[in-house]
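Heads up, the thing below is written out as C-alpha cells.
Residue numbers (full-length UniProt numbering), protein chains in the order written: chain S, 1 to 241; chain E, 1 to 252; chain W, 1 to 262.
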C-alpha cells in the first residue's frame, strides 16, 4: 500500500456524497425522506410522552418517584439491538401483537425509535423541570397550584431548555441502526433508511459509498441541530430578554 | 384612573374590622435542632399594616412563611378569621427576591389569574388593569425577567394583589431597591392598605415602617419581645432588645 | 388535535399497498444485486410487490418459523427440508445454484491454491499461521464452511476467527486481516472491498451451493398470503424467472445458474 492511496477512500467518499446530492439521486431522496419521516414522527411521539412524564417526575412528590427516575435514566442507555429484538418478539406474527401486522413497516420503526428516544426526552425533561422547580416551588405553593398545573407551567417556561432534550432524542433516533434494522428489515423502498443503507453498502464492501452516505447523514444532523439551536436562541432573546 | 375591582368569588365574606385576620398561639418551629420560632402568640393582620422587625435570624421570614403555609410548624396553632376553603386562597406572599415566570409581564399575570380562578375571558383585561396599577402597562410584552429590579417587584406585588387577598405578606420587598423604586413600591402598598388589604411587612427600613405601618411587632430569637403602635415603638421602645436594634448594637 | 394526525400517520405505515409478499432471504441474493435485476420483472408482470428481508439463512429460517414472511429463499438444503418436514413449509423447490469459493490474500501464505480439494486446502490453512475468518452466525455459508473441515473447524479465537456477522462484514474483516474465508461466488464478485484478496480455491464438487424456494405453510402461519406467495414460487421456478436469473450477469460472468426441475 502506497501512502497516496491511503486517503483514497475518503476522497472517493466525498465525491460519492457530492454526486448523490448533486444528481438528487432518486433512491437517496427516498431513503432520506423515510429517515426524516420515521425519526420526525418518533421524536414527536417521544416528546408528547416524554415531556409530561419528565415534568411529573421533576415536580412530583410521590412514592416510586426516585425508582422511576433511576429506571428512566437506565433506559437511556438501552442498546438499540435489544429494543429491536424485544419489539421483534412482540410484533412478530408469532408474537402477542402479531395480528396488527406491523413488523417490517415504517410504523414498527417509529415504535422502535420512540422506545429509544422517550427515556432520553423524559430524563432530560425531569432534570430541567426539577431544577426550575427548586426556583418556583414557593411561588407555586403560595398560588396553591396542583402538580399537573405545576408540570404544565414548568414545561412552558422550560421550552427552550427542552429543545435540547428533543434534539438529543433526534440525534439518537437519526443515527440508530440496530433497532430499525431488525423491526424494519431494511426492505428496499419500504423500510430502508439512511443508517440501514449505510450498513448494507458496508456489507457489500462499498466502503467509500457507505462513508459518503455517512457524510450526508452527518451534514444533515449538523443542519438540523444548527437550525433548531438558531430558532431556540432567537426565541429565547424574544422571551427571556 | 379607577381600579376595576379584581375578580373575587362571591362566597368570600370580608373580615370583620374588629377581628385579626390570623390568630397565632404558641407557635414553635425547629430547624436543625435550633428553635427558630420559640413560642410566638399574637393576633396578626389587624387593619392597616403591621411591620415585623428584628435582627437577622429572629425568625421573621419563617413566621411569614409559616402563615403562608410554606412551613410546617412543630407546635402551636394558626387560626384564620375565615373558614378553610380550598377554592380561594386569601393569603398572598411576596418574596424578597421576586420569583417571575420566564414569560412576558402580561403572561405572568394571566397565568396567576388563571390559578386564582379568574374566568378566561376576563384574564387579559384584569391583567392589563393590574399592569396599569403597577405603572407597567408599557412593559406588558416585555419578558418579566428583563424588567428592572423595581419593576419586577411591582409586578410580583400586583400579581399577589390579583389574588384579591385579605392578608398580604411582604418579606422585605424593597431590600434590594433604590430609593426611587422603593417609593414606587410603597405607593402600591399604601394603596392596597387603603383598599382594605391587611399587610404584614418585614422590613429593616425604619423609615419604611414609619411610613407604612401602624403597628410594630418586634421579634428576637424566635419570640415577640415588643408589640406596640408604630409611633410609640420608634419613640420609646420598651424592650432592651428593640432599643439595642434601633441603636444599631449587635444583638446576641 | 394532534393525536388523530399522529394515529393516522402511524397507521399509514401498516395500511400501505396490500398486494405485497415478504420474502425471508439469504443475503447473497440481495448483496449480489440479483433481486434488483429480476424482481421488477415479476412485479411488473403480477402487480405484486416483493419485500425482501435479507438476513442470512439461519435467521431467515427462524423468522419464517415466527410466520414473519410468506416465502423463504435460502441456501441450506438440509435445514430447508427440515423446515418443510416440521410443517412450516409447503414444498421445497430448487431455484438455482452457484458455488462457494475460498478466498485469501494474493500471496497465499498457506499455499491453498496448489491443494487438490477444498478439504486439503482448509487443512493447509489450519497448519499455517494464516488467519481464517468464519461467519460464525449459523448462516447457510457458515454451516457449509463448518462441514468442509475434515476434522471440524479449529478452535475459535486462535487463527480461526468467528466474526458472528454477515458475509459482507466478514469479508471486510478478512480483507483487513488478510485472512482466508469461504464465501459464495456471487457475493465475492460483487464485493467491492477486495483489497489484495482473490479467489484461491474453487471447483470442488463439495462447494456446490444450491438455493431453494419454500412457500410458508398457511396451516402453520394463517397470515401467509398463499396465492401471491405461490405465484412468486411458480414464477421464479418457471420459464420467465429462470431465464431472468440466467441473464443476470456481472460483466461477462453469470452469477447464478437456474436449475429448477418442473
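Glycine included, every Cβ here is placed at the ideal spot set by N, Cα and C.
Item to complete: Within the region 115–185 of chain S, note down every full alpha helix (DSSP H) run reaching 4 residues or more, in order along the chain.
Response: 147–157, 159–175, 178–184
Between residue 59 of chain E and chain S, is any beta-carbon pair separated by less than 8 angstroms?
no
Under 8 angstroms, Cβ to Cβ, is there at least one residue of chain W near residue 214 of chain S?
no
Original post:
Hey, is residue 11 of chain E's beta-carbon within less than 8 angstroms of any beta-carbon in chain S?
Top reply: Reliability of the predicted coordinates at residue 11 of chain E is poor, the pLDDT of 48 falling under 50, and no value is obtained from them.
* Neighbouring residues, chain E, relative to residue 135 of chain S (Cβ below 9 angstroms) -> 99
For this session: Look up residue 95 of chain E in the DSSP assignment and say whether it is helix, strand or coil.
Result: coil
*Starting from residue 60 of chain E, follow the beta strand (DSSP E) in both directions and report where the run begins and ends.*
Per DSSP, residue 60 of chain E belongs to no beta strand (DSSP E); it is in the alpha helix (DSSP H), 60–67.
Exercise. For residue 251 of chain W, is the classification buried or exposed, using 16 other Cβ atoms within 10 angstroms of its Cβ as the cut-off for buried?
Worked result: exposed
*Interfacial residues, the region 191–208 of chain S to chain W, with Cβ spacing under 7 angstroms*: 202, 203, 204, 205, 206, 207
(Q) Since residue 12 of chain S and residue 173 of chain S should fall inside the 8 angstroms C-beta cutoff, what is the C-beta to C-beta distance between them, to a whole number of angstroms? (A) That belief does not hold up - the Cβ atoms of residue 12 of chain S and residue 173 of chain S are roughly 29 angstroms apart, past 8 angstroms.
Quiz item: Just the Cα atoms here: how many angstroms apart are residue 205 of chain S and residue 57 of chain S?
Solution: 47 angstroms
- Could you tell me the boundaries of the alpha helix (DSSP H) in which residue 85 of chain W lies? 77–85
Proximity below 8 angstroms, CB of residue 106 of chain W to CB of residue 198 of chain W:
yes
Worksheet item: Alpha carbon to alpha carbon, how far is residue 175 of chain W from residue 131 of chain W?
Response: 11 angstroms
Check your understanding: What residue does the beta strand (DSSP E) around residue 45 of chain E start on, and which one ends it?
Key -> It is not in any beta strand (DSSP E) - residue 45 of chain E carries neither H nor E in the DSSP assignment.
Practice prompt. Compare the C-alpha of residue 187 of chain W against each of W:233, W:241, W:87, W:99 and name the closest.
Written response: W:99
**Report entry** Nearest-angstrom Cα separation, counted from residue 23 of chain W out to residue 41 of chain W
**Finding:** 16 angstroms
Near-chain W residues of the region 175–189 of chain S (beta-carbon distance less than 8 angstroms), N- to C-terminal order = 185, 186, 187, 188
| query | Between the region 114–135 of chain E and chain S, which residues of the former have a C-beta closer than 7 angstroms to a C-beta of the latter? | reply | 115
Just the Cα atoms here: how many angstroms apart are residue 225 of chain S and residue 219 of chain S? 10 angstroms
Every unbroken beta strand (DSSP E) inside the region 46–124 of chain W [3 residues or more]:
49–54, 71–74, 89–105
**Item:** residue 66 of chain S, buried or exposed, once every other Cβ within 10 Å from all chains shown has been counted against 16
**Value:** exposed
What's the C-alpha gap between residue 213 of chain W and residue 94 of chain W?
-> 6 angstroms
| task | Thinking residue 103 of chain E and residue 166 of chain E are a contact (beta carbons under 8 angstroms), I'd like their distance in whole angstroms, please. | result | Between residue 166 of chain E and residue 103 of chain E the Cβ distance is about 28 angstroms, and since that is not below 8 angstroms, they are no contact.
For this session: Could you check what DSSP says for residue 226 of chain E in three-state terms: helix, strand or coil?
Result: strand
>> Can you look up residue 201 of chain W in the DSSP assignment and give me helix, strand or coil?
In response: strand
Query raised in the report: Of the residues that make up the region 59–84 of chain W, which ones have a beta carbon closer than 9 angstroms to any beta carbon in chain S?
Result: 63, 65, 66, 67, 68, 69
Three-state class that DSSP yields for residue 170 of chain E in the structure shown: strand
### Message
Quick check on the DSSP output: the alpha helix (DSSP H) that includes residue 217 of chain E runs from which residue to which?
### Response
Premise fails: residue 217 of chain E lies in the beta strand (DSSP E), 215–220, not in any alpha helix (DSSP H).
Item to complete: Kindly indicate if chain E contains any beta-carbon less than 8 angstroms away from that of residue 263 of chain S.
Response: A query on residue 263 of chain S cannot be resolved here, the shown segment of chain S reaching from 1 to 241 and no further.
Check your understanding: Is residue 134 of chain W closer than 8 angstroms to residue 159 of chain W when the C-beta atoms are compared?
Key -> no
_Residues of the region 70–104 of chain S with Cβ closer than 9 angstroms to any Cβ of chain W, in chain order_ = 88, 89, 91, 92, 93, 94, 95, 98, 99, 100, 101, 102, 103, 104
Distance check for residue 110 of chain W and residue 128 of chain W, CA to CA, integer angstroms please.
6 angstroms
- Query: How should residue 26 of chain S be labelled, buried or exposed, when 16 other C-beta atoms within 10 angstroms of its C-beta is the threshold for buried?
  - Reply: exposed
Exercise for the section: Would you tell me roughly how many angstroms separate the C-alpha atoms of residue 134 of chain E and residue 191 of chain E, rounded to the nearest one? Expected result: 11 angstroms
**Message:** Which same chain residues end up closer than 6 angstroms to residue 173 of chain W when comparing Cβ atoms and leaving out the 5 residues on each side of it in sequence?
**Reply:** 133, 163
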